[in-house]
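Residue numbers (my numbering): 26 to 473. Where is the CB? At the ideal position from N, CA and C, for every residue including glycine. What follows is a set of notes on a single structure, which appears directly below.
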Amino acid sequence: MSGATTRVFVSRLAGLAVFDPSGDQVGRVRDVVATLRPSGETTRVIGVLVEVAPRRQIFVPMSRITSMDRGQVITTGVVNLRRFEQRGDETLVISEFLDRKVRLIATGEEVTVIDIGMEFVARNRDWVVSKVHVRKGGGKLRRRGETMTVAWDNVEGLAAREDAAQGAANLLATFEKLRPADLANVMHDLSPKRRHEVASALDVDRLADVLEELSEEDQVEIVGQLDDEKAADVLEAMQPDDAADLLGDLPSHEAQKLLELMEPNEAAPVRRLLNYADHSAGGLMTTEAVILPPNATVAEALAAIRNPDLTPAMAALIYICRPPLDTPTGKFLGAVHFQRLLRTPPSALVSTVLDKELKTLRPETTLADVASYLATYNLVAAPVVDAARRLVGVISVDDVLDHLLPEDWREAESPEDDDDPDDRDDRGYGPDATGEIPVYRPRPRYGA
Numbered sequence: 026m027s028g029a030t031t032r033v034f035v036s037r038l039a040g041l042a043v044f045d046p047s048g049d050q051v052g053r054v055r056d057v058v059a060t061l062r063p064s065g066e067t068t069r070v071i072g073v074l075v076e077v078a079p080r081r082q083i084f085v086p087m088s089r090i091t092s093m094d095r096g097q098v099i100t101t102g103v104v105n106l107r108r109f110e111q112r113g114d115e116t117l118v119i120s121e122f123l124d125r126k127v128r129l130i131a132t133g134e135e136v137t138v139i140d141i142g143m144e145f146v147a148r149n150r151d152w153v154v155s156k157v158h159v160r161k162g163g164g165k166l167r168r169r170g171e172t173m174t175v176a177w178d179n180v181e182g183l184a185a186r187e188d189a190a191q192g193a194a195n196l197l198a199t200f201e202k203l204r205p206a207d208l209a210n211v212m213h214d215l216s217p218k219r220r221h222e223v224a225s226a227l228d229v230d231r232l233a234d235v236l237e238e239l240s241e242e243d244q245v246e247i248v249g250q251l252d253d254e255k256a257a258d259v260l261e262a263m264q265p266d267d268a269a270d271l272l273g274d275l276p277s278h279e280a281q282k283l284l285e286l287m288e289p290n291e292a293a294p295v296r297r298l299l300n301y302a303d304h305s306a307g308g309l310m311t312t313e314a315v316i317l318p319p320n321a322t323v324a325e326a327l328a329a330i331r332n333p334d335l336t337p338a339m340a341a342l343i344y345i346c347r348p349p350l351d352t353p354t355g356k357f358l359g360a361v362h363f364q365r366l367l368r369t370p371p372s373a374l375v376s377t378v379l380d381k382e383l384k385t386l387r388p389e390t391t392l393a394d395v396a397s398y399l400a401t402y403n404l405v406a407a408p409v410v411d412a413a414r415r416l417v418g419v420i421s422v423d424d425v426l427d428h429l430l431p432e433d434w435r436e437a438e439s440p441e442d443d444d445d446p447d448d449r450d451d452r453g454y455g456p457d458a459t460g461e462i463p464v465y466r467p468r469p470r471y472g473a
């Protein structure tokens, strides 16, 4: 690896962009793969785990990496797109080593792993795990213990994975900048035990955001392992429609128990949503939307959609209703498109720029009709009103896509996957019949 650093701490690799020689981004580093060896033997780093579109993790051998300098990873441009599958003698260094309790051989003192250093050995051109950055337990007069870096063979407890206590704080710190969807992808690939540790360590709001991006199976597993109070708090922090979907997948007695633990004002909209059929507008909608009275100004409307917690779809339309403004509202008067707000003086009333021709959906409208409606009118969100013309909820296009795509769409393989069992590289993935490994070029999941 000419012109590159010869020692790297793995936490600094997490999240780094991976590029090919021409400057096209391949993906982002999510972990480092090493081969486990008995205590006293060298642990070799064999590659990195790279996340590529669409939310899929592939293995890139260290032999394909030419540089890890200046906050980026450069590859030779030839990578195999087959989904990574961990083998029995392999470990994911970031996911499985950080926060592990180990023992210093010299003193017998128990310490916590906070980082792992790997080093390039020019003699055989291998990367090996060489250093362990640890933290000692804090004393009575200090909140955090002393940190130190020791040689890999000066600690015990990392050579085998069994019975090794491991927390999640440093792992979460490594991935703190990930978007919820990306962290959800990382959690999906963890072992069930590790996934539970990470979920327990996440704060309520962060865990709620991540759960909304996970499959139903993973959601049920994680919530089922939380204590009831935290599970109820997480449901309160989720969007009402996502909370209702999750509760609908739980056993009825568990769902009822969690609803009773939720704050009444948080549980009420979720209970209403549970009354609707799954594949109806009522079952798809959320009860939270940007709702204003007709005498609100354009400036007030623009301020409302600046809320960073709003998704782009939910900020696309402002719904104008008579009081009360909580769903179910007073009479629904119409909606205002945010582009129209940008072309209107801030002092004008929103009632002067209403789209009164916007058609509405009813709670019983089917999923197919909802999708057709959004496509026909080129909308990313739509109002749902009841027989009394009260706004009861809002449907966004992402909710519709979640129900239209196959249940396993998060796991779907890309068409570029090479499934020829005869293709092998130095880990078992490799060149095709022409001797070339496919070059990855990022592109949209759906062709234009």
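So what does DSSP say about residue i, is it helix, strand or coil?
{"i": "Phe357", "result": "strand"}
{"i": "Leu309", "result": "helix"}
{"i": "Glu288", "result": "coil"}
{"i": "Ile130", "result": "coil"}
{"i": "Ser155", "result": "strand"}
{"i": "Glu181", "result": "strand"}
{"i": "His362", "result": "strand"}
{"i": "Gly273", "result": "helix"}
{"i": "Glu135", "result": "strand"}
{"i": "Leu416", "result": "strand"}
{"i": "Leu204", "result": "Residue 204 is actually Arg in this sequence, not Leu. The answer is coil: DSSP assigns Arg204 none of H, G, I, E or B."}
{"i": "Ser397", "result": "helix"}
{"i": "Asp56", "result": "strand"}
{"i": "Glu237", "result": "coil"}
{"i": "Gln104", "result": "The displayed chain sequence assigns Val, not Gln, to residue 104. In this structure, Val104 counts as coil in the three-state DSSP scheme."}
{"i": "Thr116", "result": "strand"}
{"i": "Leu379", "result": "coil"}
{"i": "Pro86", "result": "strand"}
Alpha carbon to alpha carbon, what distance is there between residue j and residue i?
{"i": "Thr385", "j": "Val409", "result": "6 Å"}
{"i": "Val51", "j": "Asp45", "result": "7 Å"}
{"i": "Pro337", "j": "Trp152", "result": "44 Å"}
{"i": "Leu272", "j": "Thr352", "result": "20 Å"}
{"i": "Asp380", "j": "Thr354", "result": "18 Å"}
{"i": "His158", "j": "Leu367", "result": "52 Å"}
{"i": "Ala206", "j": "Thr132", "result": "43 Å"}
{"i": "Arg449", "j": "Arg107", "result": "Bear in mind that the predicted position of Arg449 carries a pLDDT of just 39, short of 50, making it too unreliable to give a figure here."}
{"i": "Thr116", "j": "Glu181", "result": "16 Å"}
{"i": "Ala393", "j": "Arg365", "result": "29 Å"}
{"i": "Asn105", "j": "Arg231", "result": "33 Å"}
{"i": "Glu238", "j": "Pro276", "result": "21 Å"}
{"i": "Arg32", "j": "Val235", "result": "33 Å"}
{"i": "Tyr402", "j": "Val375", "result": "21 Å"}
{"i": "Asp339", "j": "Val70", "result": "One point to set straight first is that residue 339 is Met, not Asp, in the sequence displayed. Cα to Cα, Met339 sits roughly 45 Å from Val70."}
{"i": "Asp427", "j": "Glu171", "result": "47 Å"}
Do residue i and residue j have their C-beta atoms within less than 7 Å of each other?
{"i": "Ala474", "j": "Val259", "result": "Nothing can be reported for residue 474, as the shown portion of the chain is limited to 26 through 473."}
{"i": "Ala407", "j": "Ile420", "result": "yes"}
{"i": "Val57", "j": "Val73", "result": "yes"}
{"i": "Asp274", "j": "Val245", "result": "yes"}
{"i": "Ala314", "j": "Val295", "result": "no"}
{"i": "Leu41", "j": "Val85", "result": "no"}
{"i": "Asn210", "j": "Arg80", "result": "yes"}
{"i": "Met310", "j": "Gly418", "result": "yes"}
{"i": "Val118", "j": "Ala59", "result": "yes"}
{"i": "Glu135", "j": "Arg128", "result": "yes"}
{"i": "Leu197", "j": "Ala224", "result": "no"}
{"i": "Lys356", "j": "Arg414", "result": "yes"}
{"i": "Ala306", "j": "Thr369", "result": "no"}
{"i": "Leu383", "j": "Ala412", "result": "no"}
{"i": "Ala341", "j": "Phe363", "result": "yes"}
{"i": "Thr199", "j": "Ser36", "result": "yes"}
{"i": "Val19", "j": "Trp177", "result": "Outside the modelled stretch of the chain, which goes from 26 to 473, sits residue 19, for which no answer is possible."}
{"i": "Val405", "j": "Val378", "result": "no"}
{"i": "Leu497", "j": "Ala256", "result": "An answer regarding residue 497 cannot be provided, because it is not within the stretch 26 to 473 covered by the chain."}
Between residue i and the rest of its own chain, which residues show a CB-CB distance below 7 Å, the 5 nearest in sequence each way excluded?
{"i": "Arg220", "result": "Met212 and Ile247"}
{"i": "Ala396", "result": "Val425 and Leu429"}
{"i": "Arg114", "result": "Note that residue 114 is Asp in the sequence shown here, rather than Arg. For Asp114, where only same-chain residues beyond five positions count, the Cβ hits under 7 Å are Thr60 and Leu61."}
{"i": "Glu241", "result": "Asp274"}
{"i": "Thr67", "result": "Val153"}
Any heavy atom of the ligand NAD closer than 6 Å to the beta-carbon of residue i?
{"i": "Arg387", "result": "Although the ligand NAD was asked about, the structure shown includes no ligands whatsoever."}
For residue i, I'd like the list of residues in its chain whose CB is within less than 6 Å of its CB, leaving aside the five on either flank, ordered along the chain.
{"i": "Glu76", "result": "Gly52, Arg53, Arg55 and Gln82"}
{"i": "Phe34", "result": "Asp140 and Gly142"}
{"i": "Val229", "result": "Asp258, Val259 and Ala262"}
{"i": "Asp156", "result": "Reading the sequence as shown, one finds Lys at residue 156 and not Asp. Once the five neighbours on either side are set aside, the close Cβ partners of Lys156 are Gly142 and Thr174."}
Beta-carbon within less than 8 Å of residue i's beta-carbon, same chain only, minus the 5 sequence neighbours each way: which residues are those?
{"i": "Asp252", "result": "none"}
{"i": "Pro318", "result": "Ile345, Cys346, Arg347, Pro348 and Leu350"}
{"i": "Thr100", "result": "Val43, Phe44, Asp45, Pro46, Val51, Val85, Arg89, Ile90 and Thr91"}
{"i": "Pro371", "result": "Thr322, Val323, Ala324 and Leu327"}
key: Three-pair Cβ contact test at 8 Å for the region 296 to 306 versus the region 329 to 347   = The region 296 to 306 is not in contact with the region 329 to 347.
key: the region 286 to 294 contacting the region 320 to 330, beta-carbon criterion three pairs below 8 Å   = No contact exists between the region 286 to 294 and the region 320 to 330.
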